[in-house]
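Here the protein sequences come in this chain order: R and X. Heads up: the first sequence runs through residues 135 to 293, numbered per my numbering. Heads up: the second sequence runs through residues -12 to 676, numbered per my numbering. Even for Gly, the Cβ is constructed at its ideal location relative to N, Cα and C. Source: prediction; values computed, not measured. The block underneath contains the structure these notes are about, expressed in structure tokens.
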Amino acid sequence: MFKISLILLIAINILFSKEVRFNETKYIYALDNKFSKIGTLNIKDSKVTLHYKNSDKNIIYTNENIQIITQETTETFTHEESIEYNLFFQLVLGVYTNNTTLLNENFTIKNNDNTTTLLPNEYLSSVIENIEYEKNKDKLKYLKINFVNQDRITIEEIE
Amino acid sequence: MKRLSKYLNFITLFVLLAIFFASDVPKHISTQITSILPAGENKALLREFEKLNTNKQLFIAYKGEDKNTLNSLKKIEKQLLEHKNIDPITNSIINKEYEKKYYYLLHKFDEKKYDSLDIKQELTKIYQKIITSPFSFSLDTIDPLNLFEKNTILKSPYIKIENYGYITFLQLDKSVNSFVKYKEIYDLVQNLKQTDAKIEAFSTLFYFVENQEKIKSDVNIIITLALSVLFILYIVILRNFKLLVHTVTTLGSSVLFALVISAFIFDELSIFTVVFGISISTIAIDYMFHNYLHGYYEQRKPLNKDVFFGMSTTIGAFFILSFVDFSFIQQLTIFSISALLFSYIQFTFLFPYLNIKSTQSTYITKSRFTLKPIYITLVSVILIALAIPNIKIDFNIKNLDVDNIELQSLDNFFNKYINKDKKTAVLLYGNSIEELVNNAHNLQTTYPKTKSALENIPTKNSFEKFDTRRFETLNQKLNTVTKEVGFRENLFHESYKLQSNLPQYTYQELQNFPIGKYKNLFISYAIVSNSDYDNIIKEPYIKTLSFKELFKKDLTKSLQSLQFLSIIALVFICVMLYIAVKNRFFQALNYILFPIALILLVSFFVELNILHIFMMIVLISLSIDYGIYMNNSKLSSNTQKAIFYSLLSTFAGFGVLIFSSVNALFSIGLIATLGIVSLIILLLTHKVP
């Protein structure tokens, strides 16, 4: 009985974990330049791991903290200490798991046809202008973050 | 005419009720403790500060150590931010455009960094930061080389408290400056607290709301208690329902009359005046009892001279005290004179026409124990002599307010985590806005822990001292390497260029700043560290906003006139006493000395406050009435009875205040009870033929 339960648990865990490959394009206004990189997101319950191609860094987000792990070091931050990563992961988790409660913590959600627009709360509005994304069933077509300083980040899921 | 006089008492009550509501008297009644401060510069400045104060904060805590605690706090925060007068703490009152315009004049320049600056190297570092940033890097094109001190753009507003949970704080905007607004915010927070027991919230404005509620509920209990005592007196002891109805009607009318007169004279009437005034108005029952028990109503005898003397003495003493330069005392004396005079006229001239029959009660019997007056005089003089060296005056008006322990502990809880360095607000002033701004900057330079919104207005001096040539050179150097490092061309074209003219020191230009005007002075405020407070307060352009200190100053001023006028009132009382009783003057004097002696015993246990002192004076005015009645040549057991009944009524009016948890009301009740006890002792030991 115990073995069956264990196998079932592992099976459920694998079934519900999700790996997403994406292409991230960042337009930086100050440099008037675009930078692209390929990344992988591994979403398992509320744990998210982020890794970029050609980087030795793994960034892990959990409900408790954020860890930045390289071959040599492991740095742990509270959510408040690493505000930027915290926001990024909350956004990714919210969008991928369709968790509107999580998104509502920092944004007001507006749905127009296929696209969804997130308007930041007063606290974030000094940095983020708005966020736009479109999903096709579970697949993310694009997620565009428009910053107040005219920077833009576009994330597109790749097969 | 006879029929009309039967109903005149009720008609008067209805007419006064109509006037009361038609002239909007309730609007004049203030529950704020500042309403008892004397009108003058200090009170006006305190009120101006209240209008300017944009520093009101709302602290929210959420208890819990699980993963959802922070999210729950954020949800609460979001709900609160939906209210139009609640803003996030990051939303500075300073106009961002204004700050941008005068950036180089408002921020401290780092000379050291400038001296060792390698522009290309610095820009390369920034470039690296930008491309490795996980999100977006906020590049400041005004000061890209970070040569001026700046605030962090993204800083978490949530504070984690070990073994508790999270705290955050919000800001209440300028328009939250009235009781209605305070109540609105308070109710919003309380409703949220009811939905979740893990929420704790505090703002200093909660004191205003909760204390008012506490005072109101205390007043309601006291009124019920007072009416119960009166009911027992009339129905159980006197067994005269008609007398009760007419007496309550007259007292009600007298209170309405006094309220109308007081509201006509004073713009703002303290709730304490109303409560205390209503209590004083019950003293008038004394006039009714003497007339009633001596058969003035049944037999329609001519004017009762003793009652007239008693009333004239009391009103005369109040009239003298009305010249004390202290708003509360003025309000109270005017209220008392109006109420007592009104009642006297009704009890003396209207009641004989109401066909009230005397019903003799058998509750009071003559006391067999009597004391020689000289012994009472001796004991009184000894007690007074012993008490005088112990007398200390408590100037802290806050001690008269409600002791809100629950809110105080919340206040301490949030202070412990947020305002680690205790701070106090002080008033800044100047003869012009420019001088006011200079003063704010001087204060901040001398005492760096000081915070003032006016620090964000540049001084004329900083504008004139700005080295335009040096920054022009810096701009040129910066722009030559911009492209080379990899930045957008012309990105730093405007960097380090002061593009504004000399700041205009006008209301219009500075409308977003907390600047007010009082007479010819321009005023604002600064938040200073308590460790600097004693020195800061000595600066020539600073005034204290400490309620305790302001009250102490005004009270000290008023105390001199209060002492002087009290002596005049005492001389007046003595003269009236001598005229009334002549050779029994010293025996009658015991009715002043003994209550004073017993009341002063309080000084062995607590410091005397303004209300203790004032209540003592009121009791002297009252006891002198009894001194006159009890030393009259026509003294009878009816006089003793009348005094006993009126003492019971006085207890219903004043004494019951001893059950109040509001220190101001308790102080009044304590002195009244001691006074009543001393008068009962005098009454029971007085030899009655």
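Based on Cα-Cα distance, which residue from the options lies nearest to residue i?
i	options	result
Y632 of chain X	X:L217, X:L397, X:Q495 and X:I655	X:L217
K112 of chain X	X:Q181, X:H599, X:T543 and X:F474	X:F474
F638 of chain X	X:Y340, X:I667 and X:S623	X:I667
K324 of chain X	X:L373, X:S268, X:L606 and X:F295	As written in the sequence, residue 324 of chain X is Ile, which differs from the Lys given in the question. Considering only alpha carbons, the answer is X:S268.
L227 of chain R	R:Y195, R:Y186, R:E290 and R:N283	R:Y195
K403 of chain X	X:K62, X:I555, X:K147 and X:L214	X:K147
I209 of chain X	X:L671, X:L644, X:A659 and X:L669	X:L644
Q523 of chain X	X:N429, X:Y616 and X:F641	Correcting the residue type first, residue 523 of chain X is Ile in the shown sequence and not Gln. When only C-alpha atoms are compared, the closest one is X:N429.
I177 of chain R	R:T234, R:L252, R:K191 and R:E153	R:E153
I600 of chain X	X:L546, X:V558 and X:I566	X:L546
S608 of chain X	X:F646, X:F305 and X:Y145	X:F305
K244 of chain R	R:E256, R:Y267 and R:Y257	R:Y267
L214 of chain X	X:L175, X:V235 and X:T320	X:V235
F169 of chain R	X:H70, X:L110, X:Y90 and X:I117	X:I117
S439 of chain X	X:A372, X:F253, X:I510 and X:N466	X:I510
Flag residue i as yes if its beta-carbon sits less than 8 Å from any beta-carbon of chain R, otherwise no.
i	result
S123 of chain X	yes
T139 of chain X	Here the model assigns T139 of chain X a pLDDT of 46, short of 50, so the residue's position is not dependable, and the following value carries that caveat. Judged by the 8 Å Cβ criterion, T139 of chain X is not in contact with chain R.
Y85 of chain X	no
P445 of chain X	no
K147 of chain X	yes
L68 of chain X	yes
K71 of chain X	no
I117 of chain X	yes
K61 of chain X	yes
N58 of chain X	yes
F641 of chain X	no
R456 of chain X	no
Leaving out five residues on either side along the sequence, give the residues of the same chain with a beta carbon under 6 Å from the beta carbon of residue i.
i	result
D273 of chain X	S633
L661 of chain X	L585 and I586
D381 of chain X	E594 and N596
I need the boundaries of the alpha helix (DSSP H) containing residue i, first residue and last residue.
i	result
V226 of chain R	I217 to Y230
I667 of chain X	N650 to L671
P582 of chain X	F572 to L587
H277 of chain X	I272 to L280
A31 of chain X	E28 to L39
Within 10 angstroms of its Cβ, does residue i collect 16 or more other Cβ (buried), or is it exposed?
i	result
N178 of chain X	exposed
H673 of chain X	buried
S241 of chain X	buried
K410 of chain X	buried
S665 of chain X	buried
F538 of chain X	buried
D11 of chain X	exposed
V610 of chain X	Reading the sequence as shown, one finds Ser at residue 610 of chain X and not Val. S610 of chain X should be labelled buried.
Q574 of chain X	buried
S61 of chain X	Rather than Ser, the amino acid found at residue 61 of chain X in this sequence is Lys. Burial call: buried.
D285 of chain R	buried
For chain X, find out if any of its Cβ atoms is closer than 8 Å to the Cβ of residue i; answer yes or no.
i	result
I162 of chain R	yes
E263 of chain R	no
T204 of chain R	no
E214 of chain R	yes
E218 of chain R	yes
L274 of chain R	no
Y257 of chain R	yes
Between which two residues does the beta strand (DSSP E) harbouring residue i extend?
i	result
D97 of chain X	Unbroken run through D97 of chain X: none, as it is neither H nor E.
I645 of chain X	Looking at the DSSP string, I645 of chain X is not in any beta strand (DSSP E), and its letter there is neither H nor E.
Q44 of chain X	Q44 to K50
I279 of chain R	K273 to F281
F169 of chain R	N167 to K178
K187 of chain R	That residue, K187 of chain R, is in no beta strand (DSSP E); it is neither H nor E in DSSP.
K152 of chain R	K152 to I162
Y512 of chain X	L508 to S516
T411 of chain X	K410 to G417
I186 of chain X	I186 to F189
Looking only at its chain, what residues have a beta carbon closer than 8 Å to the beta carbon of residue i, apart from the 5 residues adjacent to it on each side?
i	result
Y284 of chain X	N278, F338, P339, L341, I343 and S345
L532 of chain X	L32, L33, F36, T411, A412, V413, L414 and Y512
Between residue i and the rest of its own chain, which residues show a CB-CB distance below 7 Å, the 5 nearest in sequence each way excluded?
i	result
E421 of chain X	K447 and Y492
S647 of chain X	D205, I209, F653 and G656
L93 of chain X	E86, N443 and P445
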